[in-house]
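Q: Mind looking over this structure? Questions follow.
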Amino acid sequence: MSFIDDDLRRVDAALDKFQLKEAEERISAATTEGERVAAPLVEDARTAELKAVVRALSTTSSSRPLLRRTRLRSLLRQLGRKEGEQVVAETISPDISNLEWIATGKATAQVYGLILNSLLDRTIPLSESIWYWDDILGSYGNILLYTIQTSPIRFWAQAKEVYADARQKFWQGHDLTASARQATRTVTEGWREFYGLVQNSIRERSLAQAQTKILSPFSIARMQARRNLERIQHLRRSSAGSIGRIVRECLVFGGPPEDRKHGALIQVLEAEEDDWQTTIARAACLLDSVTRSHDDIEEFSFDPQTASSTEVANLLVKILDERLPAQEKEAEDLRLKYGKPSRLVRYWIPAVGLLLSGSTLLRILVNRKAEIAQWFRDLGQTTIDFWTNWVIEPTKKLIGTIRHDEQSEIAIQSRDSLRADRESLERMVVDFAIQHPDEKGANFTEAEIAELRAKVKEGDLTPVLRAYEREMQSPIKNAIMGDLVRTLLIQVQKTKVDVEVAIGGIDSLLKSQELLFGFVGIAPGVLISYFLFQWLRNVFGGRKGLRQGMKKGETIRLIRNIDRTLTSSDLDIDQGIISEENHGFLLCETHLLRQRAAQVLPRSVWREFLEDLDDLLDVKQGVNRQIQVVRRIEWAYAKWLT
């Protein structure tokens with residue numbers, strides 16, 4: 001959907017209003033004169049045919065307002081009549097005449113849409129050619145590459161010129177007086193003479209080039225690129241001027257502003273003050289003039305003030321059959337001649353290199369087939385192992401941690417290790433205290449033993465340390481015959497318990513953060529998989545479904561082009577608006593912006609965006625107002641466009 005569809009709907013609605021208005025006026029006039037108005041019981045064939053054509057040409061009859069050329073051509077042929085089938089104007093009823101003009105107006109709107117669509121399709125791609133030639137002229141390396149790429153074409157062109165020149169001289173050198181001598185001359189002599197003429201032609205061409213200027217192949221390529229750039233820029237400006245002209249002046253009806261096309265100049269309406277039939281005829285003449293070639297001096301076939309609907313319909317058929325196809329062919333020929341070279345010209349060098357090295361590459365592939373197959377198997381197995389060990393298993397552990405699964409708990413030591421060592425220390429200390437009381441003959445009661453166990457749990461080893469102090473008074477003797485070794489071993493067990501208590505604290509800290517460690521463990525595998533998937537998607541995704549970021553970048557670039565068109569455009573001094581050429585550029589960029597924004601903006605703000613685009617295309621408000629609209633678009637939709 002583009003601004004062309006909106007223009008067609010507005011023109012269609014305006015024509016429907018004219019039809020209803022004239023019908024109401026006739027009914028009102030007949031009622032005033034006292035006549036009875038009654039609908040005919042059976043419609044004549046012409047009325048039924050015209051109503052069918054009007055329904056087919058109406059934009060409300062289809063979700064696609066713009067008809068195909070073949071369909072439109074067949075409908076126009078139903079409106080036009082041959083010269084021998086002309087009906088006298090006096091015999092045509094007002095209803096039939098009104099229907100003919102309504103159908104002709106809707107057909108004119110369809111031709112208007114087809115021409116605009118054709119101009120847009122031809123003008124917008126020319127920017128790529130302009131960027132290409134600017135890139136070529138921007139560096140000597142690109143000039144060198146372009147020279148090599150186009151060298152076969154230049155060589156072939158020079159060879160044809162030399163051959164044509166030599167052939168012309170060969171035939172010019174044979175006159176009638178030498179016919180007898182030529183008849184007896186052998187074929188070898190004729191070819192020898194022709195070869196000499198070819199050498200002379202090459203020598204003359206080289207001398208002529210040396211006399212004009214000694215130019216290197218790079219200078220010639222640069223001149224050719226600059227000439228192509230100028231021709232493409234001229235073609236783009238010409239097409240943009242045509243777009244701006246027909247949008248401003250074609251099918252501009254009177255009525256409230258909301259019923260008129262956006263971009264139409266109110267000055268055109270005020271200057272002409274024509275009825276709507278004359279406006280349709282003028283629009284057909286304008287479309288005819290826009291599609292004419294530059295060397296076409298044919299005069300217009302009718303006067304818009306006195307033209308009939310049949311003449312307008314026949315002119316529209318001529319535009320579809322002759323003018324528009326010829327214009328498209330001429331523009332396509334110019335684009336092929338001066339535009340961006342074909343892929344064959346741009347890529348024949350790597351293609352030749354690939355062709356020459358193809359046998360070597362094939363030989364390498366055949367000789368190393370087993371190694372390549374093993375490499376692919378290793379790559380597949382590595383991918384499977386990575387996915388299993390770094391994505392699947394960490395995910396299972398993370399799920400187990402969330403579910404508080406005992407098998408997934410993080411632990412530095414076994415669960416019952418500290419308890420067993422602590423109970424062993426208690427037994428060792430209690431047994432030592434019972435066997436070595438402070439007073440000989442004293443026995444420990446159950447309460448004292450329980451109190452001793454409680455002190456050992458808190459880390460109090462007083463009985464053992466006292467004995468250790470006594471034993472250290474004679475360490476060598478007590479090491480052999482006393483309890484020094486036993487007290488040392490009990491203290492070693494105490495140290496072991498203290499270490500396990502510290503490790504238990506660390507273990508508790510890890511268990512409190514095991515969910516965090518689970519996410520840390522799964523993060524590398526997931527991130528690597530995500531970025532690898534994105535890379536593969538970008539590499540093998542092709543042109544279908546451009547990424548959202550690229551679409552947003554295109555919309556920003558289009559807004560920049562619109563801003564530049566408005567700020568650097570030449571203004572009409574009398575009216576204070578941009579020129580037809582810049583208006584055409586504005587329409588092209590806005591057309592692309594509307595298509596790109598439809599892929600980015602949500603449906604909730606799409607209607608507001610279309611209103612802003614309508615304000616942007618309303619050139620009669622002045623360039624300052626349009627620049628303000630661009631600023632509004634920049635900040636209002638920055639959330640989706642940036």
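Just so you know, we're using the UniProt record's numbering here: the sequence shown kicks off at 1 and counts up by one.
C-beta: ideal position from N, C-alpha, C; glycine also.
Between PRO394 and the rest of its own chain, which residues show a CB-CB distance below 8 Å, the 5 nearest in sequence each way excluded?
A: Translated into positions along the sequence shown, residue 394 becomes position 394. Excluding sequence neighbours, PRO394 sits near GLY518, GLY521, ILE522, GLY525.
Q: Leaving out the 5 sequence neighbours to the left and right, which residues in its chain are closer than 6 Å to GLU580 when beta-carbon positions are compared?
A: Residue mapping note: residue 580 aligns to position 580 of the sequence shown, counting from 1. So the qualifying residues of the chain are GLY241, GLY244, ARG245.
Q: Short check: CB of LEU57 to CB of ALA107, under 8 Å?
A: For the purposes of this step, residue 57 is taken as residue 57 along the sequence shown, with counting starting at 1. For the purposes of this step, residue 107 is taken as residue 107 along the sequence shown, with counting starting at 1. It is a contact, given that the beta carbons lie within the stated cut-off.
Q: Tell me whether LEU251 sits in a helix, a strand or coil according to DSSP, three-state version.
A: As a first step, residue 251 is located in the sequence shown; it is residue number 251 there, counting from the start. Coil at LEU251, not helix or strand.
Q: To the nearest angstrom, report how far apart LYS213 and ILE577 are at their CA atoms.
A: Reading the sequence shown from its first residue, position 213 is the one you call residue 213. Reading the sequence shown from its first residue, position 577 is the one you call residue 577. Here LYS213 scores only 49 on pLDDT, less than 50, and its place in the model should not be relied on; the value that follows carries that caveat. Approximately 47 Å, taken between the alpha carbons.
Q: For LEU66, which option in ASP44, SER97, ASN117 has the closest C-alpha, if you only look at C-alpha atoms?
A: By one-based count along the sequence shown, residue 66 stands at place 66. Checking every option, the nearest Cα to that of LEU66 belongs to ASN117.
Q: Applying the criterion that 16 or more other CB atoms from any shown protein chain within 10 Å of the CB defines a buried residue, is GLN110 buried or exposed?
A: One-based indexing of the sequence shown puts residue 110 at position 110. Burial call: buried.
Q: Please go through the same chain and pick out, in chain order, the residues whose beta-carbon is closer than 8 Å to the beta-carbon of THR177, but skip the five residues on each side of it.
A: To locate residue 177, count along the sequence shown from 1; it is residue 177. With a pLDDT of only 41 at THR177, under the threshold of 50, the placement of this residue in the model should not be trusted, and no figure is reported.
Q: Measure the C-alpha to C-alpha separation of SER474 and GLY482 and round it to an integer number of angstroms.
A: Mapped onto the sequence shown, residue 474 falls at position 474. Mapped onto the sequence shown, residue 482 falls at position 482. The straight-line gap from Cα to Cα measures roughly 9 Å.
Q: Any idea if SER308 is buried or exposed, counting beta-carbon neighbours within 10 angstroms, 16 or more meaning buried?
A: Position 308 of the sequence shown, counted from the start, is the residue given in the question as residue 308. Result: buried.
Q: At what residue ranges does the region 108–154 contain a whole run of the alpha helix (DSSP H), taking only runs of 4 or more?
A: Entirely contained in the region 108–154, the alpha helix (DSSP H) runs reaching 4 residues are, in chain order, 126–137.
Q: Please state the DSSP three-state secondary structure of ILE578.
A: Taking the sequence shown and counting its residues from 1, the one referred to as residue 578 is at position 578. Correct three-state label for ILE578: strand.
Q: Let's see if you can read the secondary structure: which residues bound the alpha helix (DSSP H) around ALA373?
A: Translated into the one-based positions of the sequence shown, residue 373 becomes position 373. Here the alpha helix (DSSP H) through ALA373 covers 369–387.
Q: If contacts are defined as beta-carbon pairs under 8 Å, then PHE155 and LEU587 qualify, I think. What distance do you get, rounded to the angstrom?
A: Taking the sequence shown and counting its residues from 1, the one referred to as residue 155 is at position 155. Taking the sequence shown and counting its residues from 1, the one referred to as residue 587 is at position 587. At roughly 43 Å, the Cβ-Cβ gap does not stay under 8 Å, so PHE155 and LEU587 are not in contact.
Q: Judging by CA-CA distance, which residue of ASP44, GLU24, GLU25, VAL54 is the nearest neighbour of ASP12?
A: Within the sequence shown, residue 12 is the residue found at index 12, counting from 1. The shortest C-alpha separation from ASP12 is found at VAL54.
Q: Helix, strand or coil for LEU571 per DSSP?
A: The residue labelled residue 571 in the question sits at position 571 within the sequence shown. In the structure shown, LEU571 sits in a strand (DSSP, three-state: E or B).
Q: Check each candidate in GLU22, ASN142, ALA157 and name the one with the smallest Cα separation from TRP101.
A: As a position in the sequence shown, residue 101 is number 101, starting the count at 1. Closest by alpha carbon: GLU22.
Q: Roughly how many angstroms separate the alpha carbons of ARG632 and ASP570, rounded to a whole number?
A: Position 632 of the sequence shown, counted from the start, is the residue given in the question as residue 632. Position 570 of the sequence shown, counted from the start, is the residue given in the question as residue 570. Approximately 23 Å between the Cα atoms of the pair.
Q: Taking the alpha-carbon positions, what's the ILE220 to ARG557 distance?
A: Here residue 220 refers to the residue found at position 220 of the sequence shown. Here residue 557 refers to the residue found at position 557 of the sequence shown. In a straight line, the C-alpha of ILE220 is about 34 Å away from that of ARG557.
Q: Please identify the residue among GLY400, LEU601, LEU592, GLU608 whose C-alpha is closest to the C-alpha of PRO125.
A: Numbered from 1 along the sequence shown, position 125 holds the residue referred to as residue 125. Ranking GLY400, LEU601, LEU592, GLU608 by Cα distance to PRO125 puts LEU592 first.
Q: Where does MET223 fall in DSSP's three states?
A: What you label residue 223 is simply residue 223 of the sequence shown in a count that begins at 1. Helix.
Q: Can you tell me whether TRP640 is helix, strand or coil according to DSSP?
A: Position 640 of the sequence shown holds residue 640. Three-state DSSP puts TRP640 in a helix.
Q: Can you grab the Cα-Cα spacing for the pair ARG335 / VAL345, in whole Å?
A: If you number the sequence shown from 1, residue 335 lands on position 335. If you number the sequence shown from 1, residue 345 lands on position 345. Near 15 Å, if we compare the C-alpha coordinates of VAL345 and ARG335.
Q: Count the other C-beta atoms from every protein chain shown that fall within 10 angstroms of the C-beta of LYS397, then say buried if there are 16 or more, exposed otherwise.
A: Mapped onto the sequence shown, residue 397 falls at position 397. Buried.
Q: Roughly how many angstroms lie between the CA atoms of LYS620 and ARG248, to the nearest whole one?
A: Stepping through the sequence shown from its first residue, residue 620 is reached at position 620. Stepping through the sequence shown from its first residue, residue 248 is reached at position 248. C-alpha separation (whole angstroms): 10 Å.
Q: Measure the C-alpha to C-alpha separation of ALA164 and ARG226 and round it to an integer number of angstroms.
A: Taking the sequence shown and counting its residues from 1, one reaches residue 164 at position 164. Taking the sequence shown and counting its residues from 1, one reaches residue 226 at position 226. For ALA164 and ARG226, the distance between alpha carbons rounds to 28 Å.
Q: Which value, in whole angstroms, describes the spacing of the CA atoms of GLN513 and ILE503?
A: Counting from one through the sequence shown, the residue named residue 513 turns up at place 513. Counting from one through the sequence shown, the residue named residue 503 turns up at place 503. Distance between the alpha carbons of GLN513 and ILE503 is about 15 Å.
Q: Buried or exposed: where does TYR530 fall if 16 or more other Cβ atoms within 10 Å of its Cβ makes it buried?
A: Numbered from its first residue, the sequence shown carries residue 530 at position 530. Counting Cβ neighbours within 10 Å, TYR530 comes out exposed, since fewer than 16 surround it.
Q: Give a yes or no on whether the C-beta atoms belonging to GLN233 and ILE364 are separated by under 8 Å.
A: Walking along the sequence shown from the start, residue 233 turns up at place 233. Walking along the sequence shown from the start, residue 364 turns up at place 364. Cβ atoms of GLN233 and ILE364: not closer than 8 Å.
Q: Assign LEU8 to one of three DSSP states: helix, strand, or coil.
A: Your numbering for residue 8 matches position 8 in the sequence shown. Helix at LEU8.
Q: From THR123 to TRP348, what does the alpha carbon distance come to, in whole angstroms?
A: Your numbering for residue 123 matches position 123 in the sequence shown. Your numbering for residue 348 matches position 348 in the sequence shown. Cα to Cα, THR123 sits roughly 28 Å from TRP348.
Q: Out of curiosity, what's the CA-to-CA distance linking GLU457 and VAL430?
A: By 1-based counting over the sequence shown, the position of residue 457 is 457. By 1-based counting over the sequence shown, the position of residue 430 is 430. Residue 457 is actually Lys in this sequence, not Glu. So the alpha carbons of these two residues sit roughly 12 Å apart.
Q: Does the region 310–329 come into contact with the region 147–154, if we say contact requires no fewer than three beta-carbon pairs (one atom in each stretch) closer than 8 Å?
A: The region 310–329, when compared against the region 147–154, does not touch it at the 8 Å Cβ threshold.
Q: Are THR445 and VAL464 close, meaning C-beta to C-beta below 8 Å?
A: Here residue 445 refers to the residue found at position 445 of the sequence shown. Here residue 464 refers to the residue found at position 464 of the sequence shown. No. Outside cutoff.
Q: Which residue's Cα is closest to the Cα of PHE609: TYR637, GLY505, THR565?
A: Here residue 609 refers to the residue found at position 609 of the sequence shown. That would be TYR637, whose Cα lies nearest to the Cα of PHE609.
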